[in-house]
Amino acid sequence: MSLKILFLDELKGFYKSKVMIILWVGMPLLSLLFHYIVPDTEDIPISSIVALLFSSIGGMLASAMLSTSIASEKVRHVYDLFLIRPVRRTNILLAKFFAVYLCLIIATGISLAIGLIIDQLTIGTLPEYVIDQTIESLSISLAAMAISCS
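For the sequence shown, the UniProt record's numbering gives the first residue as 1, with consecutive numbering after it.
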């Protein structure tokens, strides 16, 4: 089995799971609620705060999702099926890593987009430095998630 087939299978399994649905809905709701929970941000855009928050939370979520996925599949004897058609372990682990990472990228992107929309509505026209800060925060959060997943 190729890495592509395993990746698509893992991705299908993750986006159908309740955890991903909660993540894709919960993280954007958290960024929306964060605007109302912390009304005085001292001119720091909500999108930057949300990006910093998710860089902390995202890595922990990614590593927890990977470890619980591997543990539950081991308990359900899913890996015994690979004895019939041998698959390299690296392909299995890489497929899981990329699937979880892609799902977290989608959730973080949705959350940051909502943060930018909130900033647009509250601040007005966003200065260019806000968008630059948000992109920088997004890259830091994605790097933190990748490091904690590996």
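Every residue gets a Cβ at the ideal spot worked out from N, C-alpha and C, and that includes glycine. Remember, it's a predicted structure, so these values are computed and weren't measured experimentally.
The region 93-103 makes contact with the region 63-70, as at least three CB pairs between them are under 8 Å. If only uninterrupted alpha helix (DSSP H) runs of at least 4 residues are considered, those enclosed by the region 8-74 are 18-37. Taking the CA atoms as reference points, G124 sits about 10 Å from I117.
Look at V100 here: in three-state DSSP terms it is helix. For R89, the secondary structure class from DSSP, reduced to helix, strand or coil, is helix. About 3 Å separates the CB atoms of S141 and S55; that is less than 8 Å, so the two are in contact.
Across the structure, L8 and I105 are spaced so that their CA atoms are roughly 16 Å apart.
With a cutoff of 8 Å on beta-carbon distance, G115 and V19 are scored as not near each other. Of all alpha-carbon atoms in I21, K12, I70 and I46, the one lying nearest the alpha-carbon of L112 is that of I46. I131 and I147 have their C-alpha atoms some 24 Å from each other. Residues L126 of the same chain have their beta carbon placed closer than 7 Å to that of Q120, with the five preceding and five following residues left out of the count.
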